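Reading through the structure tokens given below for one structure.
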Amino acid sequence: MSGSIWDHLTRHQEKQVYIIDRATRAVISNASSTLPVRVKEDPEKVPPSFYVKDDIVIYELPDHQVMVEGETDIDVDFWSKQIPWLTYLFEENKHASQVLTDMANTLASKMYDEDILEVVIQTVIEAVPFADTGFLFLHDKQIDKLLIHAAVGFREESYRKTRLKKGEGVSGQVYATGIPEVINGEKNIRKAMTSMSDYNYTHYIKATKGREFPDCMISVPLMFENEILGVLTIDSFEAGGYFTQADLSLVKALADHAAIVLTHGRVYANEKKKREEYETTLQALRKEHEMVRRTTDFHHRLTNIAARGEGAEAIFNALKQTISYPFAVYDFLLHPYFETEGAARKELMPSFLTHPRVKNVRKTHKWNQIPLEKERLIVLPIIGVEDIWGFLCVWMPEDDIVENDIVLFEYGATVLSLELTKEEAIKEAEQGVKGELVEGLLSGKAQKTLEVQAANLGLTPGDYYSMVLTRLTPGSVAGLLPQHVKWKKEEIIRAFEEEFDKRGIKGIVAYYRSYIFAMASFDEQNGKKQARLEMKQLVDRLESWHLPLQTGVGRVHKNLNNVNHSLEDAEKCMELMTKENDPKVISFVSAGISRFLLQHSEEELNLFVDDILGPLLQYDRKKKSDFMETLISYVRYDKELKQVTEVLNVHHNTLYYRISRIQAILDIDFSDFEDWFNVQLACHVHDFLEQQ
1 MSGSIWDHLT RHQEKQVYII DRATRAVISN ASSTLPVRVK EDPEKVPPSF YVKDDIVIYE
61 LPDHQVMVEG ETDIDVDFWS KQIPWLTYLF EENKHASQVL TDMANTLASK MYDEDILEVV
121 IQTVIEAVPF ADTGFLFLHD KQIDKLLIHA AVGFREESYR KTRLKKGEGV SGQVYATGIP
181 EVINGEKNIR KAMTSMSDYN YTHYIKATKG REFPDCMISV PLMFENEILG VLTIDSFEAG
241 GYFTQADLSL VKALADHAAI VLTHGRVYAN EKKKREEYET TLQALRKEHE MVRRTTDFHH
301 RLTNIAARGE GAEAIFNALK QTISYPFAVY DFLLHPYFET EGAARKELMP SFLTHPRVKN
361 VRKTHKWNQI PLEKERLIVL PIIGVEDIWG FLCVWMPEDD IVENDIVLFE YGATVLSLEL
421 TKEEAIKEAE QGVKGELVEG LLSGKAQKTL EVQAANLGLT PGDYYSMVLT RLTPGSVAGL
481 LPQHVKWKKE EIIRAFEEEF DKRGIKGIVA YYRSYIFAMA SFDEQNGKKQ ARLEMKQLVD
541 RLESWHLPLQ TGVGRVHKNL NNVNHSLEDA EKCMELMTKE NDPKVISFVS AGISRFLLQH
601 SEEELNLFVD DILGPLLQYD RKKKSDFMET LISYVRYDKE LKQVTEVLNV HHNTLYYRIS
661 RIQAILDIDF SDFEDWFNVQ LACHVHDFLE QQ
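By full-length UniProt numbering, the letter at position 185 of the sequence shown is numbered 185, and the numbering carries on one by one without gaps.
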């Protein structure tokens, strides 16, 4: 078709024409009707009709009505030929209306989203043919320049640096005049951008991802209530791209929607900011009030606990109710004295005691903090009589303000220090009383006095008693300071006391010379057999302990006055362990051959060895032979010739010869049961004396 309907009407007569959709009664005659279009070839011909009503000629077409005011010389055939064009007009208008509706819905649903500006640009790009990129400028009143707040299809690190003055470039010109512009052709666009400063021009070029200049562009003001908020500029870098006046009208309409949304968004953002500031202030005041209240309540609670003498556990519970963070109390050996459930899942760093900040805590007796991954550890000292008793450790998120709670932590640590110091003094006094009782029993102190002391400690003189002696292995205390050794011993005492409590055993645990003693008491009415059984179960438990200890256990004796006999048993077991390197438990009852050795003096044992093995020992000394070594291996492996030959690295014939010579020298027969038993026992005693 050589021209549009409106071209024809303009050339022939000035008439007001309305094109109406018959189904919706929507008028579609608008500026879009001036668009040049390509008419479908061989359009379907539908016989039209027309009639005149109130001086208006109405042409009835299949889907449309064409109404012309006044007389016209355009006949029905002319309008029949325009059917494809009218259909196109209707579809274009319907599409534009749908785009506006969709954008209004989209912007309304995302009005308060953080990326609303990108949504505006993307919505316009999707609505306009050929459009593929765009900028959204907003005016900054403080610097009086246009800043790019969002873009699609450009490099952010470059376009963020753009600062346009009024009248600078296409967007600056549109902002200054308020008049929309559509520019087609790369040369025209390049020319329009010559007014940009070198700085802004350079960053524009760097922001483009392909070609430097688009083929066409539309720039419209974002206007609300006669105020220009900014500029929306849409580009097309597609080869052959072309923006029409219809596109400009559509973008202008979309921009009007966007301006309303942006204005409401600004109002909402300002109101939201004010609400947040108000809430922040209110929360700060509430937090300060709550902090003062918590501090006062906590102070009163701990003061009352200390005054009533309720003990450290009550202080721990008060701390737990007040402090919401995981925390634990450790002694100086870093054994947990008390810990919350959250703290039980935490671990102190292996180098905790040597950490510079912990060293500072020990030196200054003031709190410090250690940064950790996503949290921090607050370390407060718990002061003892002579030195730091231990530490109060609190795990806090890295973003929380420690100053808000440090007063609570410090006061809790102070009250805890006083309570633990008091408890330590009481324990030392109790240890002294227990030690006096044991010393009195061993020194033969008056029975009446001992019975009174025992009764004060909850013991009955007529019950059954067994003594346990234990000590730290030399390697476990090497290089430790005396105070550290003392803390380790106190840990062992606590372990024995807990074991006694768990088993319902009466008794006392305290220091005795270089040992720790545990005196177990069993009810007389249950009999000696039951006492032995319970003692056997206790020994089994001690053997499972993973502590660096050497422990000797005496027999069960009736009556408190006989406890010294059980102590002697335990001491003999401890003597036996001086020959052993590994920490372990030896019970006098189950000591076997060792028990026989412990019951005889060294002189008696030497006489026994000389009586049985004397001739062989003299022969080895005189002949410088090693028959004694052969005999000990022969006894140790119970006559297993293969094992003996392997250990001694000799031929079996050589071993036969040596055994024969040994029997001849000793004048005994190894096949005789009594002779062989005496030789075995003598070898064990010889080995024991050699170790001595």
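Think of the CB as a built atom: it goes at the ideal place given N, C-alpha and C, for glycine as much as any other residue. Keep in mind it's a predicted model, so treat the numbers as computed, not measured.
Tell me, which residues are paired with residue i by DSSP?
i           : result
F409        : Partner(s): none; F409 has no beta bridge.
P336        : Y330
N184        : C216
V379        : N368 and C393
S587        : V553
G342        : DSSP, once it has assigned bridges, lists no residue as partnering G342.
K206        : Paired residue(s): none; K206 is not in a bridge.
L164        : L146
S521        : Y465 and K506
L533        : None, per the DSSP bridge assignment.
F670        : DSSP lists no partner for F670.
L222        : G230
residue 704 : There is no way to answer for residue 704, as the model of the chain reaches only from 1 to 692.
I516        : T470 and Y511
I388        : I383
At what residues does the beta strand (DSSP E) containing residue i begin and finish?
i    : result
V152 : K145 to V152
R471 : Y464 to L472
D611 : Here D611 belongs to no beta strand (DSSP E); instead the alpha helix (DSSP H) covers E602 to K623.
D235 : E227 to S236
T354 : No beta strand (DSSP E) holds T354; DSSP gives it neither H nor E.
L138 : T133 to D140
Within 10 Å of its beta-carbon, does residue i have 16 or more other beta-carbons around it, so buried, or fewer, so exposed?
i    : result
E276 : exposed
D672 : exposed
H600 : exposed
A520 : buried
A31  : In this prediction, A31 scores a pLDDT of 35, lower than 50, which makes its location untrustworthy; no coordinate-derived value is stated.
M349 : exposed
L285 : exposed
H484 : exposed
V267 : exposed
T551 : buried
A518 : buried
A328 : buried
D247 : buried
Nearest by alpha-carbon distance to residue i: which of the options is it?
i           : options                   : result
Y159        : T551, F137, G458 and G167 : F137
residue 696 : V635, L542, V647 and R308 : For the chain, the structure presents residues 1 to 692; residue 696 sits outside this window and is missing.
C216        : G412, K209, D198 and E181 : E181
I401        : E375, G241 and L416       : E375
L681        : I659, N606 and G265       : N606
S660        : K642, V329, L616 and A318 : L616
E428        : A344, K486 and G462       : K486
S171        : P326, H139 and T233       : T233
A258        : T280, V220, E290 and T281 : V220
D569        : K584, L560 and F588       : F588
D140        : A328, M396, R163 and R357 : R163
L480        : L333, H546, K624 and Q550 : L333
R294        : D405, A127 and S633       : D405
A510        : K502, A495 and W676       : A495
E373        : G390, E156, L392 and E347 : E347
T303        : L408, L254, W395 and S351 : L408
Is residue i close to the ligand GTP? I mean its beta-carbon at under 8 Å from any heavy atom of the ligand.
i    : result
V485 : The model on display carries no ligand, and the ligand GTP is accordingly not part of it.
State the start and end residues of the unbroken alpha helix (DSSP H) segment that holds residue i.
i           : result
S660        : H652 to L666
residue 699 : Absent from the model: residue 699. The displayed extent of the chain is 1 to 692, so no value can be given.
M628        : F627 to R636
L319        : A312 to T322
V563        : V563 to L576
T177        : G169 to T177
E194        : One point to set straight first is that residue 194 is Thr, not Glu, in the sequence displayed. No alpha helix (DSSP H) holds T194; DSSP gives it neither H nor E.
S158        : E156 to Y159
T123        : I116 to A127
The region 294–301 / the region 377–391 touching (three or more Cβ pairs under 8 Å): The region 294–301 vs the region 377–391: no contact.
The region 522–536 / the region 470–490 touching (three or more Cβ pairs under 8 Å): Pairwise C-beta distances place the region 522–536 out of contact with the region 470–490, as fewer than three of them are shorter than 8 Å.
Does the region 527–538 come within contact of the region 549–559, defined as at least 3 CB pairs closer than 8 Å? They touch, by the three-pair rule.
Looking at C-beta atoms only, is the number of pairs between the region 236–243 and the region 191–198 that lie closer than 8 Å three or more? Pairwise C-beta distances place the region 236–243 out of contact with the region 191–198, as fewer than three of them are shorter than 8 Å.
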